[in-house]
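Reviewing the structure listed below.
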Amino acid sequence: MIHIENLLFGYRKREPLFDGLNLEVTGGSVTGLLGKNGAGKTTLLKMMAGLIRPGKGSLSVMGFEPQNRPASMLSDLFFVPEEFYTPSMSIKLYVDAYSVFYPKFDHALLHKTLAEFELDQQKSLKNMSYGQKKKFLISFALATRCNLLILDEPTNGLDIPGKALFRKIVAGSLSEGQLVLISTHQVRDVENLLDQLIILDRGQVIFKETIHQVSEQYEFGLGHKLEGTEALYYEQAPGGYKYIAPASEFNESPVDLEILFNAITSGNLKTKDHVNTIL
Amino acid sequence: MSTLSFSPTRFYYLLRANVLENYKTMAMMLGGIFLALVFVMYLIQLSNNMGSWDNQHYMTYFIISFLITGLLYSGHAFPAFRNKEKAIHYLTLPASGGEKFAVEIVIRLLSLLIIYPIIFWLAVSFESSLVEKIYERYEYIPFVFQSGFNDFFRNAEPIQKTLFFMGLIGLMITAFTGASSFKRFPFVKSVLIFGVLLGFFIVIAWLLLDVMDLKSYRKDTILFISSEIEMARTVIVGLAIAMTGLLSAAYFKLKEKEV
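Chains as they are written, first to last, in the numbering used here: chain A, 5 to 283; chain B, 42 to 300.
Right under this line is the structure:
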């Protein structure tokens, strides 16, 4: 669905943001795009949505060159930016005006998600809080049934129940072959939702694996002490140590995205051949 | 993949979405124009001792007010470009660049040509009939566009009329293109750039004709153009080329816009 080859890009008078970036993402997953501040996550998402022209190299989205913004690509792609615009009109009128652009628009799904987020369709978007507007926009994005959904920091501004609902609604609304690309710093908000993880650092993709592959390789734990643990990476945490160890045959643990991200971006995640058994 | 695709259905959806989103603003704007026309007309009449207006007065008022309103309105085309979040919403809407451009042309240029004369006629008719009731000496002469037009251009050649209207539309297209290019204060910047360009051409013409004295080279021609009619034709061709160029530039700006 997304094919990037040898992408070069930089803002003026600055070092290149992407220097020969390569990435291939297929459909049918919820993929997390992680990276430190300034790693280029939002820029990459905007490029995929056709809002920024790539420099050199090639970028194709669903077979289209996104920078040309062809209508047939845009009708199968929905981008929810971190800071967004909603016109001063009711939800009902917004849906009436804009749903027609999306041939697969699912009104039943929209009604369901709006009800779950407790949003009144008659209410004007102008009188809603940032979080409510975001809930609406996420609901609308899911209802478009677009093949590619790009969500930039989707949980920013959502309340605590809203974050849990977001995970539930996204997981329950996906169509076959659909790709949901989520860029976020709030990794806890998307844990148990992601199928795949991509980490960007210094203009390169430094990690791309499915959550299944990660859990097959690693075990994530929290202990008071590290004695006897074969830690590939560890860091201090309230109550002891968080660690990553080689996966054991009988003990499958949920993936801790935060420690995995820290381990990978710090370059300190050891391979299984170089395990430190802490005595 | 071609980006020159044009779907009448998507064009209609885009136009409809625009109206649904902005109908309140549009209604307020039309009401504002109506009231402003009435108020300014009354002030002008007041300063002229409440003398009655005939078709020529109306027509002069129409042309001046149309120019001002048209420049201000078309000079604020592409409103989504003034704000980053709005621009993202607008540019990711599933419609081609051609469809978005066509909608902007319809809303910012064509609708003005159709709606403004109606609003103007309603406003001046309302004002005149109202003033007639208040001031006994005021005589209400209904405004008829056709007669006003004929009176205004009584001594003008057809080519001069064409030139006049092309100039009027050309100014609005200039403001429209400026709005596609500048994020902040598009109208002011467009006026400034237009002024600088106009000044540049006047200086060049002055240098060529007066300083270098090219006009004495052949007494019967001005830069190889031998009559006023020919000059007018040349200016019309020049204006047509300039308007096409300006509209192409506005389309290019929309197509290449990055956020």
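Using N, Cα and C, we set each Cβ at its ideal position, and we do this for glycine too. Because the structure is a prediction, the values reported are computed rather than measured.
When you compare the CB positions of SER128(A) and SER94(A), do they come within less than 8 Å of one another, or not?
Residue mapping note: residue 128(A) aligns to position 124 of the first sequence, counting from 1. Residue mapping note: residue 94(A) aligns to position 90 of the first sequence, counting from 1. At a Cβ-Cβ threshold of 8 Å, SER128(A) and SER94(A) count as neighbours.
**Study point:** Reduced DSSP category for HIS98(B) - H, G, I as helix; E, B as strand; rest coil
**Key:** What you label residue 98(B) is simply residue 57 of the second sequence in a count that begins at 1. HIS98(B): helix per DSSP, three-state reduction.
| request: Indicate whether at least one CB of chain D lies closer than 8 Å to the CB of LEU134(B). | output: Chain labels in this structure do not include chain D; the protein chains are A and B.
| query | Do you know how far the Cα of SER289(B) is from the Cα of LEU249(B)? | reply | The residue given as residue 249(B) occupies position 208 in the second sequence. The residue given as residue 289(B) occupies position 248 in the second sequence. The alpha-carbon atoms of LEU249(B) and SER289(B) are separated by roughly 30 Å.
Original post:
Mind pulling the chain B residues with CB within less than 9 Å of LYS50(A)?
Top reply: Counted from its first residue, the first sequence places residue 50(A) at position 46. Chain B residues near LYS50(A): ILE129, GLU299, VAL300.
Quick one: list the residues of chain A neighbouring TYR54(B), beta-carbon separation under 9 Å, in chain order. As a working note, residue 54(B) is residue 13 in the second sequence. Ordered by position in chain A, the residues that pass the 9 Å Cβ test against TYR54(B) are ALA101, TYR102, VAL104, PHE105.
Exercise for review: Using a Cβ cut-off of 9 Å, pull out every chain B residue sitting near ARG57(A), in sequence order please.
Suggested key: Residue mapping note: residue 57(A) aligns to position 53 of the first sequence, counting from 1. By Cβ distance, chain B contributes GLU297, GLU299.
Relative to the C-alpha of HIS130(B), which residue among LEU78(A), LEU97(A), ASP100(A) is closest? The count along the second sequence starts at 1 and reaches residue 130(B) at position 89. Comparing Cα positions, the closest option is LEU78(A).
request  = Thinking LEU197(A) and SER177(A) are a contact (beta carbons under 8 Å), I'd like their distance in whole angstroms, please.
outcome  = Start at 1 with the first residue of the first sequence, and residue 197(A) comes out as number 193. Start at 1 with the first residue of the first sequence, and residue 177(A) comes out as number 173. Not confirmed; about 12 Å, so no contact.
Check: From which residue to which residue does the alpha helix (DSSP H) around LYS298(B) run?
Finding: Within the second sequence, numbered from 1, the residue matching residue 298(B) stands at position 257. Element bounds for LYS298(B): n/a, residue is neither H nor E.
Query - Where TYR89(A) meets chain B, residues with beta-carbon distance less than 9 Å - result: For the purposes of this step, residue 89(A) is taken as residue 85 along the first sequence, with counting starting at 1. Those within 9 Å of TYR89(A) in chain B are ALA121, ASN124, LYS125, GLU126, LYS127, ALA128, ILE129, HIS130, TYR131.
C-alpha gap between LEU11(A) and LEU155(A), whole angstroms: Translated into positions along the first sequence, residue 11(A) becomes position 7. Translated into positions along the first sequence, residue 155(A) becomes position 151. Their Cα atoms are separated by approximately 22 Å.
In chain order, what are the residue ranges of uninterrupted beta strand (DSSP E) at least 3 long that sit wholly in the region 105-156 of chain B? Secondary structure within the region 105-156 of chain B: not one fully enclosed beta strand (DSSP E) run of 3 or more consecutive residues is present.
Within the continuous beta strand (DSSP E) that includes TYR238(A), where are the two ends?
As a position in the first sequence, residue 238(A) is number 234, starting the count at 1. 237-241 is the span of the beta strand (DSSP E), which, as asked, contains TYR238(A).
Notebook entry, point to check: Any chance the region 245-253 of chain A sits against the region 217-226 of chain A, with 3 or more Cβ pairs inside 8 Å?
Noted result: The answer is yes - the region 217-226 of chain A touches the region 245-253 of chain A, with three or more Cβ pairs under 8 Å.
- Query: Beta-carbon of GLU62(B) versus every beta-carbon of chain A: anything under 8 Å?
  - Reply: One-based indexing of the second sequence puts residue 62(B) at position 21. Yes - at least one Cβ of chain A is within 8 Å of the one on GLU62(B).
Alpha-carbon to alpha-carbon, PRO58(A) and PHE13(A): As a first step, residue 13(A) is located in the first sequence; it is residue number 9 there, counting from the start. As a first step, residue 58(A) is located in the first sequence; it is residue number 54 there, counting from the start. If you take the alpha carbons of PHE13(A) and PRO58(A), they lie about 6 Å apart.
Bridge partners for LYS60(A) per DSSP, in chain order? By one-based count along the first sequence, residue 60(A) stands at place 56. Among the bridge pairs identified by DSSP, LYS60(A) is matched with LEU12(A).
**Delimiting residues of the alpha helix (DSSP H) encompassing LYS96(A)** = The residue you call residue 96(A) lines up with position 92 of the first sequence. Residues 95-102.
- Message: Is there a Cβ of chain A sitting closer than 8 Å to that of ARG57(B), yes or no?
- Response: Stepping through the second sequence from its first residue, residue 57(B) is reached at position 16. With a threshold of 8 Å between beta carbons, ARG57(B) makes contact with chain A.
Chain A contact residues for GLY138(B), given Cβ-Cβ distances below 8 Å: Stepping through the second sequence from its first residue, residue 138(B) is reached at position 97. By Cβ distance, chain A contributes ARG73.
Review point. Any idea if ALA281(B) is buried or exposed, counting beta-carbon neighbours within 10 angstroms, 16 or more meaning buried?
Key: For the purposes of this step, residue 281(B) is taken as residue 240 along the second sequence, with counting starting at 1. Answer is exposed; the Cβ neighbour count stays below 16.
Taking the beta strand (DSSP E) that VAL185(B) falls in, what are its first and last residues? Numbered from its first residue, the second sequence carries residue 185(B) at position 144. No beta strand (DSSP E) contains VAL185(B), which DSSP labels as neither H nor E.
Would you call GLN180(A) buried or exposed, if buried means 16 or more other Cβ atoms sit within 10 Å of its Cβ?
Mapped onto the first sequence, residue 180(A) falls at position 176. The amino acid at residue 180(A) is misidentified as Gln; the sequence shows Glu. Classification for GLU180(A): exposed.
Cβ neighbour criterion (16 or more within 10 Å) applied to TRP247(B): For this step, residue 247(B) is matched to residue 206 along the second sequence. Looking at its Cβ environment, which holds fewer than 16 other Cβ atoms inside 10 Å, TRP247(B) is exposed.
Inset, instruction - Could you check the C-alpha separation between LYS294(B) and SER137(B) for me, to the nearest Å? - result: The sequence position of residue 294(B) within the second sequence is 253, counting from 1. The sequence position of residue 137(B) within the second sequence is 96, counting from 1. Taking the straight line from one Cα to the other gives about 14 Å.
### Message
I'd like to know whether the C-beta of ARG51(B) is nearer than 8 Å to at least one C-beta of chain A.
### Response
For the purposes of this step, residue 51(B) is taken as the residue at position 10 of the second sequence. Closer than 8 Å to some Cβ of chain A, the Cβ of ARG51(B) qualifies, so yes.
Would MET213(B) pass as a contact of LEU112(B) if the rule is Cβ separation under 8 Å?
Your numbering for residue 213(B) matches position 172 in the second sequence. Your numbering for residue 112(B) matches position 71 in the second sequence. Against a cut-off of 8 Å, the Cβ pair of LEU112(B) and MET213(B) comes out as a contact.
### Message
Please classify MET82(B) as buried or exposed, where buried requires at least 16 other C-beta atoms within 10 Å of its C-beta.
### Response
As a working note, residue 82(B) is residue 41 in the second sequence. So MET82(B) counts as buried.
Helix or strand or just coil, what does DSSP make of SER187(A)?
Stepping through the first sequence from its first residue, residue 187(A) is reached at position 183. It is a strand residue.
Exercise. Pull up the CB-CB distance for TYR99(B) and GLY189(B), whole angstroms please, since I reckon it's below 8 Å.
Key: As a position in the second sequence, residue 99(B) is number 58, starting the count at 1. As a position in the second sequence, residue 189(B) is number 148, starting the count at 1. That pair is a contact at about 5 Å.
*Going by other Cβ atoms of all chains shown within 10 Å of its Cβ, with 16 needed for buried, is VAL165(B) buried or exposed?*
Locating residue 165(B) in the second sequence gives position 124, where the first residue counts as 1. Buried, because 16 or more other Cβ atoms sit within 10 Å of the Cβ of VAL165(B).
- Task: Along the alpha helix (DSSP H) that carries GLY219(B), what are the first and last residues, could you check?
- Result: Translated into the one-based positions of the second sequence, residue 219(B) becomes position 178. Element bounds for GLY219(B): 199-222.
Q: Please state whether DSSP places LYS167(A) in a helix, a strand or coil.
A: The residue you call residue 167(A) lines up with position 163 of the first sequence. Three-state DSSP puts LYS167(A) in a helix.
Measure the alpha-carbon distance for PHE194(B) versus VAL185(B) and round it to whole angstroms. As a first step, residue 194(B) is located in the second sequence; it is residue number 153 there, counting from the start. As a first step, residue 185(B) is located in the second sequence; it is residue number 144 there, counting from the start. Here the C-alpha atom of PHE194(B) lies approximately 14 Å from the C-alpha atom of VAL185(B).
Exercise. Per DSSP, which one or two residues make a beta bridge with THR30(A)?
Worked result: To locate residue 30(A), count along the first sequence from 1; it is residue 26. Partner(s): none; THR30(A) has no beta bridge.
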